[in-house]
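Using the numbering used here, read the sequence shown as starting at 56 and increasing by one per residue.
By construction, the Cβ of each residue, glycine as well, lies at the ideal position given by its N, Cα and C atoms.
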Amino acid sequence: MSTEKLFAALFAVVVVVGAIYFLSPASQDGSGVSATSTPRMVNYTSEAMGVSFSYPDTYIVDEKDVSTPERSRHSIVLIRTDDLPLPQNGEGPTAITIDAFQNDLESLDSRTWITGTNDSNYKLSPDGTISTGTLAGLSALSFRWSGLYEGRTTVVAEPAFVYALSVTYLTPEDEILDDFDALLKTVRFTQ
Numbered sequence: 056m057s058t059e060k061l062f063a064a065l066f067a068v069v070v071v072v073g074a075i076y077f078l079s080p081a082s083q084d085g086s087g088v089s090a091t092s093t094p095r096m097v098n099y100t101s102e103a104m105g106v107s108f109s110y111p112d113t114y115i116v117d118e119k120d121v122s123t124p125e126r127s128r129h130s131i132v133l134i135r136t137d138d139l140p141l142p143q144n145g146e147g148p149t150a151i152t153i154d155a156f157q158n159d160l161e162s163l164d165s166r167t168w169i170t171g172t173n174d175s176n177y178k179l180s181p182d183g184t185i186s187t188g189t190l191a192g193l194s195a196l197s198f199r200w201s202g203l204y205e206g207r208t209t210v211v212a213e214p215a216f217v218y219a220l221s222v223t224y225l226t227p228e229d230e231i232l233d234d235f236d237a238l239l240k241t242v243r244f245t246q
C-alpha cells in the first residue's frame, strides 16, 4: 500500500470516529463536547429538627427519629444514589448527616458538646484542632476526625438543639466534600 493510500485510509478512519463521537448521545448539547449535567438542587425542610437546606438531586434523603427515653434526637442522612443499594452485611457508604441533639436539658455550648460527648467523634480527631466560624449567621465550630472514614463536622448549639452537620469521605478529592460545602451554604435554622 502506498503512503498516499495509507494516509487516505487513516484520514477516513479519523473522520468516521469523529462523526460517531460528535453524533453520539454523550454529546447532549450538540457542540461535540461531552456534556456533563449539573445536578438540580432540591430544597428540604425538617419541621421536627427546625432546619432547612438544599442538596443535589443525586442524593437520597432519609430522616429518622432516633430518640432515647432520656433525650430526643433526630437524624437526616444523605447518600449518593450512585452508592445504592446499601450493602447487606457491610459498612455503609460515605454520607452527609445532620443530627439534632436535644439541648434544653443541659444548655450546652458548641465547644462543651464537642469535647464532652461521644456523639461528636471529637475523640477521633487526629490533631484536636477546633476552628471557629459561622453557619447560617450563627457561631459554629468545626473539626476533623478519622475513623472508618475521614470526617468533618460543623456544630451549632441552639437552645432547643445542638446541630451536628457531618460528612464522611475517603480522600480529600471526593466530590461529597464539595456537595457538603454547598449544602452548608444553604442551611437555615427555624427554631
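Open item on the list: I'd like to confirm the pairing. Which residues does DSSP put opposite Y218 in its beta bridges?
Closed with: Along the sequence shown, read from residue 1 onward, the residue named residue 218 stands at position 163. The secondary-structure analysis by DSSP pairs Y218 across a beta bridge with A155 and V211.
Open item on the list: Between the stretch 116-124 and the stretch 223-241, can you find at least three pairs of beta-carbon atoms closer than 8 Å?
Closed with: With the rule of 3 Cβ pairs closer than 8 Å, the stretch 223-241 does not count as touching the stretch 116-124.
Task: Residue burial classification, V69 (beta-carbon count within 10 angstroms, cutoff 16) - done: As a first step, residue 69 must be located in the sequence shown, where it is residue number 14. Because V69 sits at a pLDDT of 32, beneath the cut-off of 50, its placement in the model cannot be relied upon, and the following sentence gives the value as read from the coordinates. Exposed, because fewer than 16 other Cβ atoms sit within 10 Å of the Cβ of V69.
- [ ] Assign T123 to one of three DSSP states: helix, strand, or coil.
- [x] For this step, residue 123 is matched to residue 68 along the sequence shown. In this structure, DSSP gives T123 a state outside helix and strand, which the three-state scheme calls coil.
TODO: Assign L133 to one of two classes, buried (16 or more other C-beta atoms within 10 Å of its C-beta) or exposed (fewer than that).
DONE: Residue mapping note: residue 133 aligns to position 78 of the sequence shown, counting from 1. So L133 ends up on the buried side.
Task: Residue from S197, E230 and G202 with nearest C-alpha to L220 - done: Here residue 220 refers to the residue found at position 165 when the sequence shown is read from its first residue. Nearest in C-alpha terms to L220, of all of S197, E230 and G202, is S197.
Open item on the list: Are the CB atoms of V242 and L232 within a distance shorter than 8 Å?
Closed with: Counting from 1 along the sequence shown, the entry for residue 232 is found at position 177. Counting from 1 along the sequence shown, the entry for residue 242 is found at position 187. In this structure, V242 does not lie closer than 8 Å to L232 by Cβ.
Open item on the list: Let me check you understand the geometry: is the CB of S130 closer than 7 Å to at least one non-hydrogen atom of the ligand FAD?
Closed with: In the structure on display, the ligand FAD does not appear, and there are no ligands present to speak of.
Open item on the list: With H, G and I counted as helix, E and B as strand and the rest as coil, what does DSSP make of Q105?
Closed with: The count along the sequence shown starts at 1 and reaches residue 105 at position 50. Per the sequence shown, residue 105 should be read as Gly rather than Gln. Three-state DSSP puts G105 in coil, outside helix and strand.
TODO: Measuring alpha carbon to alpha carbon, tell me which of P111, V210, T93 and I185 ends up nearest G192.
DONE: As a working mapping, residue 192 is identified with position 137 in the sequence shown. When P111, V210, T93 and I185 are compared, the shortest CA-CA separation from G192 is found for V210.
Open item on the list: Can you confirm whether the stretch 164-184 touches the stretch 137-147 when touching is taken to mean that 3 or more C-beta pairs between the two stretches lie within less than 8 Å?
Closed with: Contact between the stretch 137-147 and the stretch 164-184 is absent: fewer than three C-beta pairs spanning the two stretches fall below 8 Å.
Task: Under the three-state DSSP convention, the category S92 falls into - done: One-based indexing of the sequence shown puts residue 92 at position 37. S92 falls in the coil class under three-state DSSP.
TODO: Below 8 Å on the Cβ atoms is my guess for P214 versus D159; work out the distance and round it to an integer in Å.
DONE: By 1-based counting over the sequence shown, the position of residue 214 is 159. By 1-based counting over the sequence shown, the position of residue 159 is 104. That belief holds up - the Cβ atoms of P214 and D159 are roughly 6 Å apart, short of 8 Å.
TODO: Run the CB neighbour count on D154, radius 10 Å, all protein chains shown included, and call it buried at 16 or more, exposed below.
DONE: As a working mapping, residue 154 is identified with position 99 in the sequence shown. Here D154 is buried: its Cβ has 16 or more other Cβ atoms, across all protein chains shown, within 10 Å.
TODO: Give every residue of the same chain whose Cβ lies closer than 6 Å to the Cβ of V129, excluding the five residues on either side of it in the sequence, and list them in chain order.
DONE: Against the sequence shown, residue 129 aligns to sequence position 74. The amino acid at residue 129 is misidentified as Val; the sequence shows His. Correct list, in chain order: A103, M104, D120 and A155.
Open item on the list: Alpha carbons only, please: which of D117, F244 and P148 is nearest the one belonging to D229?
Closed with: As a working mapping, residue 229 is identified with position 174 in the sequence shown. Considering only D117, F244 and P148, the residue with the shortest C-alpha distance to D229 is P148.
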